[in-house]
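Novice: Before I ask anything, let me first share the structure, which is written out below as structure tokens.
Here is the structure:
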């Protein structure tokens, strides 16, 4: 499994290109900004994507869907619980003052436990709500694309509209149950491993806690 990171936009969001090393099958995960740059990088790799996978519908993860889908007319996958967020991407962009092009409707819905087949790869979808209600993680072949649930040394925010601290806490327990050698590809920042986060992440090892609203 080939995972190529492209960091884009004002939020320094990590878009990923996931590819089958033994074939041409490719998917783009979270094209959040700088659509032209993402397209150029995928073309430089000689790849033709067959899907766009969205971990969650915050503006920094969906802002370049329109450009990418215009270049390659492939299905957009989104968990149904994130459709309300997806529909207000323009309002999110106005709030943060970032460029935005309204994306087309999602074509397909993720489901917890679903298997995604990408050439010879089989990847699993895990519904991991908390940062966003329809947040998913895509994992398999020793890799996990965690979106904004788990970062190197930190976790996703839960003070945003539609966020839920209790849900994120439960999701993190599921995520860190993956094998310790699993490579974590987060929505922002550097890659890490599940084992490293069990040891050093204060929100995982119990030295910090998720603040809940009073």
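Numbering (the numbering used here), first residue to last: -12 to 201. Glycine included, every Cβ here is placed at the ideal spot set by N, Cα and C.
Expressed to the nearest angstrom, what Euclidean distance is found between the alpha-carbon atoms of residue 41 and residue 51?
Specialist: Their Cα atoms are separated by approximately 11 Å.
Novice: So what does DSSP say about residue 152, is it helix, strand or coil?
Specialist: Residue 152 falls in the helix class under three-state DSSP.
Novice: Start and end of the alpha helix (DSSP H) containing residue 172?
Specialist: No alpha helix (DSSP H) contains residue 172, which is instead part of the beta strand (DSSP E) from 170 to 173.
Novice: Is the Cβ-Cβ distance between residue 46 and residue 3 less than 8 Å?
Specialist: No, the Cβ-Cβ distance between residue 46 and residue 3 is not below 8 Å.
Novice: Would you mind working out which of 120, 168, 121, 141 sits nearest residue 127, comparing C-alpha positions?
Specialist: That would be 168, whose Cα lies nearest to the Cα of residue 127.
Novice: Using only CA atoms, which one of 5, 174, 58 lies nearest to residue 203?
Specialist: Since the first residue of the chain shown is -12 and the last is 201, residue 203 is not available in this structure.
Novice: So if DSSP puts residue 126 in a beta bridge, which residue, or which two residues, is it bridged to?
Specialist: The partner list for residue 126 (beta bridge, DSSP) reads 111, 131.
Novice: Are the CB atoms of residue 18 and residue -10 within a distance shorter than 8 Å?
Specialist: It is not a contact, given that the beta carbons lie outside the stated cut-off.
Novice: Whose CA, out of 90, 60, 64, 83, lies closest to the CA of residue 74?
Specialist: Considering only alpha carbons, the answer is 90.
Novice: Between which two residues does the alpha helix (DSSP H) holding residue 41 run?
Specialist: Neither: residue 41 is in no alpha helix (DSSP H) and is coded neither H nor E.
Novice: Can we say the segment 93 to 101 touches the segment 152 to 161, given the rule of at least three CB pairs closer than 8 Å?
Specialist: The answer is no - the segment 152 to 161 does not touch the segment 93 to 101, with fewer than three Cβ pairs under 8 Å.
Novice: Give the range of the beta strand (DSSP E) segment to which residue 6 is assigned.
Specialist: That run of the beta strand (DSSP E) goes 0 to 6.
Novice: Taking the alpha-carbon positions, what's the residue 21 to residue 198 distance?
Specialist: Those two C-alpha atoms are separated by around 33 Å.
Novice: Thinking just about the alpha-carbon of each residue, which of 137, 179, 178, 129 is nearest to the one in residue -12?
Specialist: Among 137, 179, 178, 129, the Cα nearest to that of residue -12 is on 129.
Novice: Which residue's Cα is closest to the Cα of residue 26: 53, 183, 196, 69?
Specialist: Closest option to residue 26, Cα to Cα, is 53.
Novice: What are the boundary residues of the beta strand (DSSP E) that residue 65 is part of?
Specialist: First-last of the beta strand (DSSP E) with residue 65: 63 to 65.
Novice: Pick out whichever of 117, 152, 104, -4 has its Cα sitting closest to the Cα of residue 69.
Specialist: Comparing Cα-Cα distances from residue 69 to each of 117, 152, 104, -4, the minimum goes to 117.
Novice: Looking at C-alpha atoms only, which residue of 162, 109, 183 is the closest neighbour of residue 8?
Specialist: Nearest C-alpha to residue 8: 109.
Novice: Could you check whether residue 38 and residue 14 sit closer than 8 Å to each other, using their CB atoms as the reference points?
Specialist: Yes.
Novice: By a C-beta neighbour count over all protein chains shown, 10 Å radius and 16 as the cutoff for buried, is residue 187 buried or exposed?
Specialist: Looking at its Cβ environment, which holds fewer than 16 other Cβ atoms inside 10 Å, residue 187 is exposed.
Novice: Let me check understanding here. Comparing Cα to Cα, which of 104, 57, 77, 48 lies closest to residue 65?
Specialist: Cα-wise, what sits closest to residue 65 is 48.
Novice: Please list the terminal residues of the continuous beta strand (DSSP E) segment that includes residue 15.
Specialist: First-last of the beta strand (DSSP E) with residue 15: 13 to 16.
Novice: When you compare only the Cα positions, how much space is there between residue 63 and residue 29?
Specialist: C-alpha separation (whole angstroms): 17 Å.
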